[in-house]
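Chains as they are written, first to last, in the numbering used here: chain D, -13 to 278; chain C, 156 to 696; chain P, 47 to 413; chain R, 862 to 995. Using N, Cα and C, we set each Cβ at its ideal position, and we do this for glycine too. A short write-up of the structure that comes next.
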Amino acid sequence: MDYDSYPSCSLDARRQAQAGRDNIYLPDQAVIRKIIRENSLVNTYELTLVDELANHRFSFEPGQFMMISMPHLGEAPISFSSSPDSKDGFSLTIRNSGRLTAAVQKLRPGDIIGVRGPYGRSFPTDRLKGKNLLFIAGGIGLAPLRPLIEQRLAQPDETGSLTLFYGSRTPEDFCFNRDFSRWRQDGLDLRLTVDQAAEEWNGPVGLVTGLLDGFPINDGTMALVCGPGIMIRFVLEQLQAMGMEAENIITTLERHMKCGVGICGHCHMEEKLVCIDGPVFTAAEIPDPENP
Amino acid sequence: MAGLATTFGSGAMTNTINELEEAQVILVSGSNTTATHPQVARRIFDAVDKGAKLIVIDPRKTKIARRAHIHLQIRPGTDIPLLNAIMRCILDENLIDDLFIEMRTENYLAMCDLLLQVDLNQAAEITGVAADDIAQAARMYARAQRSTICYCLGVTQHVCGTANVKSYANLAMLTGHVEQEFTGVDPLRGQYNVQGACDMGALPGVFSGYQAVADPEIRKKFEEAWNCSLPADPGLTVVEMTHGGEDEGRLKAMFIMGENPMLSDPVLNRVRTSLHGLDFLVVSDIFLTETAALADVVLPAACFAEKTGTVTNSERRVQLSHKAVEPPGEARADDWIIQEISTRMGYPMQYESTREIMEEICLLTPIYGGIYHDRLHASWGLQWPCLDRGHPGTPFLHKYSFARGFGRFEPERHVPPAEPATTEFPFVLITGRRYHQYHTGTMSRRSATLKRERGTPLLDMHPEDARRLGLKDGCRIRVRSRRGSVPFTLHLSSHMDRGELFCDFHFHESPTNVLTLANSDPVAKCPEYKCCAVTVEVDHD
Amino acid sequence: MIETQTLHKDYLLPLLRKLGKQYRLVGPVRNRFGDTLYIEIPDLDRVDIDLKQQPQNSLKSFFFPQTEALSSYIVDTEPASPTQLYSFHPLLPENRPTLYFGVRSCDLFAVLYMDMIFLGGKHRDIYYEQRRRGAVFVTLGCNEPFANCFCNATKNGPFLEFGFDLQLTDLGPAKNSYFVEAGKANGLNILKKWTRFFTDATKEDRQFQYQAALEARGLFRQLVHVDLACQELEKGNEPEEVLADFSQRCQDCGGCTFICPTCTCFSITDHQAKDQGSGERIRSWDGCTFAGFTRMAGDHNPIDLRRHRIRKRFFHKLKHDVQKHGRPSCVGCGRCVDMCFGGVDIIRFINAITEAGDLGRDKHRGL
Amino acid sequence: MPDIPSICCYCGCGCGLYLHVEHGRVTGVSPSRSHPVSRNNLCAKGWHVHEYIHHSDRLTRPLIRNKHGRLRPSSWDDALDLVAEKLNAVKQQYGPDRIGVLSSAKCSNEENYLLQKFTRIGLGTNNIDHCARL
């Protein structure tokens, strides 16, 4: 609504309305359409903004995140895990790791959460077109990579080879395993590894870095890495040791955040702010590679 | 406090906090100063930067101990043998202050007799501190012109708490390090207005200003002023009240104002039984504490920002704190509550403001004689004794002479802890505070930032002990003593000595005082919080 | 020339009284305890305006209060309700045009830094903007710097070249007046509107002002090589020993970040109301020296050691802000000096690393 | 935004500080520079002393335990009358020394004075103490 066209509206009320629209700290409401259980700790939530017009306008890029609110528990940054091209809403994949996320686990379809965003720098989707992409993920780290995988698989003409090395603690802990066969059918080379062997497990046991040995790296290869900080650190080191340029290795980082828009200062990483300068960084850009 | 009262005649901090900055040697004992008295620690850090020497006596490698020139890491409860050894060294090297002892003290010969029996090697063995370190500390303390001693509950919360304090006073008198600016013996008071509560006579044996209820003259003065007759026998102490249990003659009713014995008192199971056994319990507090939850009537009180009144800090500084906001809902200040109850019980009390109450205090309390609200309005307080309107207050005590006349040496011998470690209970547990929390956590746990900084109860253990027991940092464990068991999260800390554990008592989900023992000092009635035998096991719940 | 005027000291109060009708007034006031603080002045006749001491607070809390409710929220507590309710309603501060007078150069410069943080990015902070919009600054140059000041070294004082609406310079006891420069339209408007209080500045006045500015630079008692420190850090030097020492000293009070006029980090927390069905989202000052500042869910903390936290604070001021904004974000006000529990302050840090740097060079020459 | 001089309610150091009040709420604190103890700084507890004042857990009404054993809100008159009646009853039936009073190191001097006075003349016992020893 354009308040300037309402002469009866007082200046202050107009300012208030303007302010409400510009208020970066004010969450929107999103309704949970569907909850998909990924493993004992992780669920994926399919969400739609309650405001129809806002929902219509809403768009995001792979790698961006939302600040989600739970009543009385504050906010936390969560990456998108659905394809940006999907028509109805978006998905967030959330691991039970604190008070807020524990409360999220108790929600049911139809419940409402608060969301602000999308925020942050996305993956450089243009640079990825036509490249051979090597995705390396650990645990819930596959979530922010999933939109990219879906996007690339949907545009086979502009996509080189796609490989995913995915490591998890146990075979039960893989997220998105319902997608695996479809992804394989669509041409993704998917290799899984677990930290702890289980009886029914035939695949490799060990860290995801173990899968990297002998992987062919050429000029057209780009790597996309996400997982626990310690895993990111070792994978980045190994990829560079294998001869990859730091600019071609891309990762996404996690930090404590309060505002999500570069003001509150919590996610400072040397001179960068993870919320606006990231969360997506190339290995060359990570300010503190020892401590990603 | 009783210890200092016997030796010096007054149980308060002898100096101001700022004087610490000018001391040449500071001896800190039983105080995790950076956590519990940050402003005192600040002066000590500044003094050390200016060249002062720091000696710390503490079983733990606390932050202040890590800053010390000499850290005497004693076994818990061995202050007396350590101090006797220090004094023996001072005597041997002839570093005593003859003139001071002659002019200002009494009972020196008895002290000497005791010191001459001290075996330094035996002392080293008991305390776990090398004889060389003891001698070095003795020299350092005795040789300086301006040495000062700060101690806290690590000294007093022992079965021999009073004797411990006396020993520190003995040391100060032996070397003449008292009665001057920049030197003295300073007990650091832990809570907001603990000094004031004592000064005001919230004690079983004294009226305001430490005027004994047993003294007929004094009782007469108060009877005339209050127009009533007063009981002569000193009453029960806090632990005697909360440990009445099922005894015949136990208390039948209690009025508790702003205290939380259900977390702060030793052997909580006994406290619970006692409070449950009451016919009537009334609690006035700002939050529904663990104690208030047991009450028959709970009265909502105003917090410090919602009322005007005076408080007295550790250095005897009486200060006026102003009302800033209205209490929430129907909450009212405690003075209103007391007046209402008293009036309804047939003893009318009608003060128009706390100013009027203070005027009565001035009238009846010599040490507060000149501390009127209007004098505090534009100043940051007056230090008692302040005898009349013209009196400027007293920054340091015992100038020219001790409050009791002569300072009295009180020779003391080692009293072993009431509950030493055994095979079954191989660890010695020390309890205390953490920096970000305060007392039973009623206020500090409701502060979002403080809760974030320290939100869970931790048990500190030496890494080697943990390795031996196969325990990892951060694991859930249970600490068990002869009286009960309490869950904690394990925190490995090389600042602990082997065989010793430390935990806080801020958290109701880990009520530390289920573990502690009721044995207390026979004079001061301080429970032995700094030393009880426990064992640690993995928590399977 | 209207841009430079003089104001007789006798006219300061009458001028403020006039301005007080148009603006809320904020200025340095000495209270009964002898503390000087910037406070809101509802009645000019009942306060002791103090232009001699450094105010112990900065202007930070006027634009960015220590705690501030951002929004209220309501929640449907009925578990069986078909459409759950969870909505937010902004609690915007009122916008009150305010005239800040007697503002020191460091404090105004800090406001300019805050403007950059809160309003300079892609997303504007409207809470800050609400309090900030319409603010007029009448600054006062420091003829005599205070004991711990070093704004000459941070290059934002003792006199300002820009940023003020009006800048006053004390022309000394003989003249008993202020030299007044208008830096922005608001200042110029004041000069135009209240001409009767002002007199055109003479060439001599301008000379005197210039002289005062020169002399003030010689009166700093702290010699602090801020530029050298920035260079040392820019080279990538890690002052490990200094940080190790500081971490033994730091006692986690957070006071340095709270007192600092350019420390703007904050936290946001929800405060549930008694009825469970509503609450407030509150922002409050936070400090990078607290361990909880960077702790993530699941207790993982990328910056867990105290020395890394101290490093973060000093590096932010002296390195990262230089990289991002071209200048250190320390404004040399000296407020954090002498107030630290363990003697960790920015002067000590700068001295430690510049001395270490000098030592390094000496050694190098020796070889 | 008046600044109200106050004393930190946490430890026995007794730091002097100013409470910042906005719309009837304490929104922040700052230390006094001239105060002999605080000297322009507070510890982490002091800097956050305002955070609990307006906490929603604050007690706002007197509570009386009803016959089902639950604490229920009541009026001040009912609560105070009940307290007076019960304390008087215990005093009459068992004698004054069967009543105990705990005063508080978190309350002011005036309140402590008043409580010990009330205990000694109103209740007629010296059974008053506080947690100095704990």
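Paired residues, beta bridge with residue i - DSSP
i: Ser77 (chain D); result: D:Glu32
i: Lys258 (chain D); result: D:Met255
i: Ser65 (chain D); result: D:Phe51
i: Asp246 (chain P); result: P:Gln51
i: His633 (chain C); result: It is worth fixing the name first, because residue 633 (chain C) is Arg in this sequence and not His. Note: Arg633 (chain C) sits in a beta bridge opposite C:Pro642, C:Glu692.
i: Glu176 (chain C); result: Paired residues: none, contrary to the question.
Below-8 Å beta-carbon distance, residue i vs any chain C residue
i: Phe387 (chain P); result: yes
i: Cys872 (chain R); result: yes
i: Arg959 (chain R); result: yes
i: Phe79 (chain P); result: yes
i: Ser965 (chain R); result: yes
i: Phe395 (chain P); result: no
i: Arg295 (chain P); result: yes
Per-residue contacts from residue i into chain R (C-beta, under 8 Å)
i: Tyr306 (chain C); result: Neighbours of Tyr306 (chain C) on chain R: none; closest Cβ ~13 Å, over 8 Å.
Under 7 Å from the C-beta of residue i: neighbouring residues of chain D
i: Ser133 (chain P); result: Gln15
i: Thr200 (chain P); result: Correct list: empty, because the minimum Cβ distance to chain D is about 19 Å.
i: Asp321 (chain P); result: By Cβ distance, chain D contributes nothing, its closest Cβ being about 12 Å from Asp321 (chain P), past 7 Å.
Residue i: contacting residues in chain P (beta-carbon distance under 8 Å)
i: Ile64 (chain D); result: Under the 8 Å cutoff, chain P gives no residues; its nearest Cβ is about 11 Å from Ile64 (chain D).
Neighbouring residues, chain P, relative to residue i (Cβ below 7 Å)
i: Glu608 (chain C); result: Phe336, Ala337, Gly338
i: Arg197 (chain C); result: Phe387
i: Arg894 (chain R); result: Asp81, Gln102
Interface partners of residue i on chain P, CB under 9 Å
i: Pro455 (chain C); result: By Cβ distance, chain P contributes nothing, its closest Cβ being about 12 Å from Pro455 (chain C), past 9 Å.
Interface residues of chain D facing residue i [CB-CB closer than 9 Å]
i: Phe312 (chain P); result: Lys244, Cys245, Ile249, Cys250, Gly251, His252
Under 7 Å from the C-beta of residue i: neighbouring residues of chain C
i: Asp298 (chain P); result: Tyr590
i: Pro866 (chain R); result: His477
i: Asn988 (chain R); result: Pro359, Gly390, Leu391, Met396
Closer than 8 Å to chain D by CB, residue i
i: Thr308 (chain P); result: no
i: Ile356 (chain P); result: no
i: His169 (chain P); result: yes
i: Leu116 (chain P); result: yes
i: Phe164 (chain P); result: yes
i: His54 (chain P); result: no
Residue-level contact to chain P via CB, residue i, 8 Å cutoff
i: Gly60 (chain D); result: yes
i: Glu883 (chain R); result: yes
i: Trp1016 (chain R); result: In the structure as shown, chain R starts at 862 and stops at 995, and residue 1016 (chain R) therefore has no counterpart that could be examined.
i: Thr238 (chain D); result: no
i: Trp535 (chain C); result: yes
i: Pro934 (chain R); result: no
Amino acids of chain D, ordered along the chain, whose beta-carbon sits closer than 8 Å to that of residue i
i: Gly344 (chain P); result: Ser83, Gly84
i: Lys370 (chain P); result: Glu257
i: Thr315 (chain P); result: Gly60
Proximal chain R residues relative to residue i, where beta-carbon distance stays under 7 Å
i: Trp381 (chain C); result: Lys978, Ile982
Assess, as a yes-or-no matter, whether the region 967 to 980 of chain R is touched by the region 346 to 366 of chain C under the definition of 3 or more beta carbon pairs within less than 8 Å. yes
Three or more C-beta pairs under 8 Å: does that hold for the region 254 to 268 of chain P against the region 198 to 208 of chain P? yes
Practice prompt. Ignoring anything shorter than 3 residues or poking outside the region 171 to 257 of chain P, list the beta strand (DSSP E) runs there in chain order.
Written response: 182 to 186, 212 to 216, 223 to 228, 244 to 246
Q) On the three-pair Cβ rule with 8 Å, is the region 541 to 551 of chain C touching the region 193 to 204 of chain C? A) no
(message) Quick check on the DSSP output: what are the complete alpha helix (DSSP H) runs of length 4 or more inside the region 549 to 634 of chain C, in order along the chain?
(response) 603 to 608, 618 to 624
Q | Validate contact between the region 218 to 237 of chain C and the region 303 to 313 of chain P using beta carbons, cut 8 Å, 3 pairs | A | no
Subject >> Touch test, the region 482 to 491 of chain C against the region 919 to 939 of chain R, Cβ-Cβ under 8 Å, three pairs minimum >> reply: yes
*asked:* Ignoring anything shorter than 4 residues, give me the alpha helix (DSSP H) runs that lie fully in the region 253 to 302 of chain P, in order along the chain.
replied: 272 to 280, 286 to 295
Review point. Unbroken beta strand (DSSP E) runs of length 3 or more, entirely within the region 868 to 948 of chain R: which are they?
Key: 877 to 883, 886 to 892, 924 to 926, 932 to 934
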